[in-house]
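Let me begin by presenting the structure, written as structure tokens, before commenting on it.
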Amino acid sequence: MAKAKVRYVCSECGGVQMKWMGKCPDCGQWNTLEEVTVQPAAAGSRNGAGLVGAPEPISLPSIPTQPSRRLVLGNSELNRVLGGGIVPGSGILVGGDPGIGKSTLLLQMAADVAAQGGQVLYVSAEESAYQLGRRAARLGVDDERLFILADTVLEQILDRIGQMKPTLVIVDSVQAIHSNANTSAAGTVSQVRDCTAHLLRLAKQENIPLFLVGHVTKEGTIAGPRVLEHMVDAVLQLEGERFHAYRLLRSIKNRFGSTNEVGVFEMGEQGMSEVANPSELFLAERLPNASGSAIAVPMEGSRPLLVEVQALSSATAFSQPRRTGNGVDFNRLLLVTAVLSKRVGLNLSTQDVFVNVIGGMKIGEPAADMAIAAAIASSYRNAPVAADLAILGEVGLSGELRSVGQLSRRLREATKLGFQRAIVPHNALRRKSDDIPSDIEAIGVHTLGEALDAALVK
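As numbered in our numbering, residues 18 to 475 make up the sequence shown, in order.
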């Protein structure tokens with residue numbers, strides 16, 4: 018009889034090693050190798066070709082190309098992120114920090130599907146049925162077609178799904194369930210991979226959409242092997258600060274829709290409510306004539322958003338001035354302040370610079386460079402930026418302004434909120450002049466100095 022073998026699997030990259038090492042040679046992470054016992058194959062078992070019931074190859078022209086009929090939800094923001102609704106038989110992984118609102122959002126989605134006449138099975142592996150019932154009562158969720166199953170054993174969960182054949186299955190969370198066929202503890206690499214594989218196989222066989230909640234690591238990535246994200250059809254990340262009311266649901270991977278799509282929600286006493294016009298909400302409390310404030314128009318997925326960038330420049334008593342950014346990339350902030358000092362002539366070497374994006378938003382694209390620079394210069398010179406002005410453009414190291422993508426869509430969004438002027442790079446204006454909306458004045462500039470002269474109120 019063959020003996021069981023011991024292997025060591027990395028919890029970050031899923032790499033398999035023959036012996037334990039402090040550092041994984043594949044991904045370079047420390048203390049990520051976990052011991053896994055591999056059972057030998059049973060005598061007479063056959064793998065590969067010749068299996069009974071194996072699928073037959075299909076000719077490419079005979080494969081249907083019509084898209085599957087989606088389950089459209091009442092929440093338009095969630096529909097946007099999913100690509101138009103839930104695809105039957107799809108596996109969707111939802112991640113996010115603890116307490117950010119994953120369970121709340123999915124419970125509301127389950128109630129939405131149940132209200133349309135579908136039968137929903139919510140598998141709660143971390144909370145008891147009583148705890149989930151209390152949350153449902155707080156959210157006003159009360160539907161007889163929504164069933165709660167508080168269980169952690171994979172085999173029992175699969176049996177319930179096979180018996181009920183519901184319209185939607187939600188498992189919260191995949192790290193908390195375990196299979197009796199696997200001797201390792203719940204949450205280990207082998208358990209998470211095996212449980213996910215069995216759940217996805219059943220979901221595709223029965224054409225049932227499956228939502229899996231995943232834990233995250235300290236770095237914010239989804240815990241478990243990296244292969245977990247490859248196994249599912251879509252990966253959604255719920256982002257936001259716990260002390261801010263706004264949440265962003267970001268599509269990192271989606272086989273049935275656009276990637277990097279973003280939905281905006283507001284957390285309240287009645288749960289997560291969709292925000293139809295995020296730009297208007299982010300600018301609701303803006304002081305138009307205050308110095309140190311500028312309006313940027315970043316792209317979040319396929320949607321342009323208008324956000325307020327605030328900056329504060331104050332004299333420092335130390336030899337090394339501070340640079341602090343909240344919602345902006347720290348390296349981009351250092352680049353912008355260096356260009357302002359070298360190319361524009363602002364003496365920021367004696368100034369502490371603080372930059373904040375209102376509403377808990379995070380800006381990652383270079384198109385917001387010019388708005389950040391305008392906010393810093395406005396605070397330094399104590400001169401406000403014009404209230405009806407939006408600012409778009411990437412700042413180069415020579416002080417030149419470089420064009421941004423999808424300029425017309427950004428300007429249309431600014432027009433909807435009443436902005437009458439916009440400062441844009443001159444090259445972008447020249448190439449896309451036909452796409453510029455007629456009801457907004459686009460001011461083309463070549464350098465950052467010209468942009469600041471046009472933006473700041475004298």
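Quick reminder that beta carbons are idealized off the backbone N, C-alpha and C, glycines included.
- Distances from the alpha-carbon of L298 to those of G376, R429, K235 and Q148 put G376 closest.
- In the DSSP secondary-structure assignment, G280 is bridged to L266.
- In this structure, P401 sits near A307, with a CB-CB distance shorter than 8 Å.
- Beta-bridge partners of D369 (DSSP): S331.
- Contact between the segment 86-105 and the segment 300-316 is absent: fewer than 3 CB-CB pairs across the two stretches fall below 8 Å.
- According to DSSP, I194 shares a beta bridge with no other residue.
- The beta-carbon separation of A203 and Q192, rounded to 7 Å, stays under the 8 Å limit for a contact.
- Contact between the segment 220-231 and the segment 106-113 is present, with at least three C-beta pairs closer than 8 Å.
- Distance from the CA atom of G466 to the CA atom of L266, rounded to whole angstroms, is 37 Å.
- Within the segment 137-198, the runs of alpha helix (DSSP H) at least 4 residues long that lie entirely inside it are, in chain order, 146-156 and 171-181.
- Between the C-alpha atoms of T276 and L124 there is a straight-line separation of about 24 Å.
- For R427 and L351, the gap between their C-alpha atoms comes out near 26 Å.
- Beta-bridge analysis with DSSP links T464 to E417.
- Distance from the CA of L322 to the CA of G39, rounded to the nearest whole angstrom, comes to 45 Å.
- For R429, the enclosing alpha helix (DSSP H) begins and ends at L424 to K433.
- Fewer than three pairs of CB atoms, one per stretch, sit closer than 8 Å, so the segment 346-364 makes no contact with the segment 273-290.
- When rounded, the separation of the alpha-carbon atoms in H195 and R243 is 19 Å.
- In this structure, V26 sits near V206, with a CB-CB distance shorter than 8 Å.
- With respect to F282, R264 sits close: the two C-beta atoms are nearer than 8 Å.
- Counting the other Cβ atoms within 10 Å of the Cβ of P183 gives 16 or more, which makes it buried.
- F228 is bridged by DSSP to I109 and I187.
- Within the same chain, and ignoring the five residues on either side of D369 in sequence, the residues whose Cβ sits closer than 6 Å to its Cβ are S331, T333, P338 and R339.
- About 6 Å separates the Cβ atoms of A384 and L409, confirming a contact at the 8 Å cut-off.
- Rounded to the nearest whole angstrom, the CA to CA distance from H463 to E417 is 6 Å.
- Cα atoms of N271 and L424: separation of roughly 25 Å, rounded to the nearest angstrom.
- E94 sits in a helix when the DSSP states are folded into three classes.
- Annotation for Q133: no beta strand (DSSP E) segment contains it, and DSSP assigns it neither H nor E.
- Within the same chain, Cβ atoms closer than 7 Å to the Cβ of V209 are found at V191, Q192, G241, P242 and L245, the five residues on either side in sequence being excluded.
- Taking the Cβ atoms as the reference, P454 lies roughly 5 Å from R429, within the contact range of under 8 Å.
- Taking 8 Å as the upper bound for CB-CB distance, S76 and D189 are not in contact here, some 41 Å apart.
- For M289, the beta-bridge partners assigned by DSSP are M284.
- Between G113 and V233, the CB-CB gap stays under 8 Å.
- Rounded to the nearest angstrom, the Cβ distance from I117 to L255 is 5 Å, consistent with a contact under 8 Å.
- Distance from the CA atom of A146 to the CA atom of K235, rounded to whole angstroms, is 28 Å.
- For the set K22, L122 and G45, the Cα lying nearest the Cα of Q287 is the one of L122.
- In the three-state reduction of the DSSP assignment, A404 falls in the coil class.
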